[in-house]
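This report refers to the structure that appears directly beneath it.
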Amino acid sequence: MELLSAGRLNSYLVDINAQAEERIILLTEQMATREGVTERLKAQDQMLWVQRMNSIQNRAEEIVLNELVYC
Numbered sequence: 051m052e053l054l055s056a057g058r059l060n061s062y063l064v065d066i067n068a069q070a071e072e073r074i075i076l077l078t079e080q081m082a083t084r085e086g087v088t089e090r091l092k093a094q095d096q097m098l099w100v101q102r103m104n105s106i107q108n109r110a111e112e113i114v115l116n117e118l119v120y121c
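Residue numbers (our numbering): 51 to 121.
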């Protein structure tokens, strides 16, 4: 309520959103590297690559939501 009444709510939410997007990208890259999801896999088996990247993306989003939003 303080942020809303001070007119700073929108800028705060924009900042949190930017932080979340950056963190998701970083986590996705790290997890993909650790799990061997590479461009080579993408060229060899596109469906497997998509499945694994979707899984990684979903896990990264869940981590970030728990860290930044639901806290």
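Quick reminder that beta carbons are idealized off the backbone N, C-alpha and C, glycines included.
Nearest Cα to residue 117 within the set 91, 79, 73, 63: 73.
Excluding five sequence positions before and after residue 70, the CB atoms of its chain that fall closer than 6 Å to its own CB belong to 114, 118, given in chain order.
Residues 53 of the same chain have their beta carbon placed closer than 6 Å to that of residue 62, with the five preceding and five following residues left out of the count. For residue 110, the uninterrupted alpha helix (DSSP H) run begins and ends at 96 to 114, by DSSP.
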